[in-house]
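A.B. asks: Quick note on numbering: the sequence shown equals residues 110 to 198 in the working numbering.
We put the CB at the ideal spot given by N, CA and C, even for glycine.
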Amino acid sequence: MKVTDVQTGMVISSVKAEEEQRCFCWDGSSVLCGGQSGDLILWDLLSNTVTTKIPAHSGAIRAMWMNELCNTVITGGEDRRILFWKLHS
110 MKVTDVQTGM
120 VISSVKAEEE
130 QRCFCWDGSS
140 VLCGGQSGDL
150 ILWDLLSNTV
160 TTKIPAHSGA
170 IRAMWMNELC
180 NTVITGGEDR
190 RILFWKLHS
């Protein structure tokens, strides 16, 4: 996965993903990804590392929403569940 500055074409950050990622939300310094396996993965853009992997759904994550304060996430999965997540900094 890569984060690219669209104005310059310069790659800002990159990390190798172990699986297909389907949904993304970001707060400027990290990206929350929803994967094919149903896991939520937190990717730190500054260190180019995956810092957290959270089992979320029993199938692929199909949709994700994050509020403007980046402290609440809602995910929807192939398992037909909608999950509400409260994030702590």
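Using a Cβ-Cβ cut-off of 8 Å (strictly less than) and excluding sequence neighbours within five positions of Ile191, which residues of its own chain qualify?
C.D. replies: For Ile191, where only same-chain residues beyond five positions count, the Cβ hits under 8 Å are Ile183, Thr184, Gly185.
A.B. asks: Can you tell me which of the three DSSP states Met173 falls into?
C.D. replies: It is a strand residue.
A.B. asks: Return the CA-CA distance between Phe193 and Val115, expressed in angstroms with no decimal places.
C.D. replies: Rounded to whole angstroms, Phe193 to Val115 spans 31 Å at the Cα level.
A.B. asks: Spell out the partners DSSP gives Thr184 in its beta bridges.
C.D. replies: Answer by DSSP bridge pairing, in chain order: Met173, Leu192.
A.B. asks: So is Val140 buried or exposed if we call it buried at 16+ other beta carbons inside 10 Å?
C.D. replies: Its Cβ being crowded by 16 or more others within 10 Å, Val140 is buried.
A.B. asks: Are Thr181 and Lys162 closer than 8 Å when you measure CB to CB?
C.D. replies: Contact: no.
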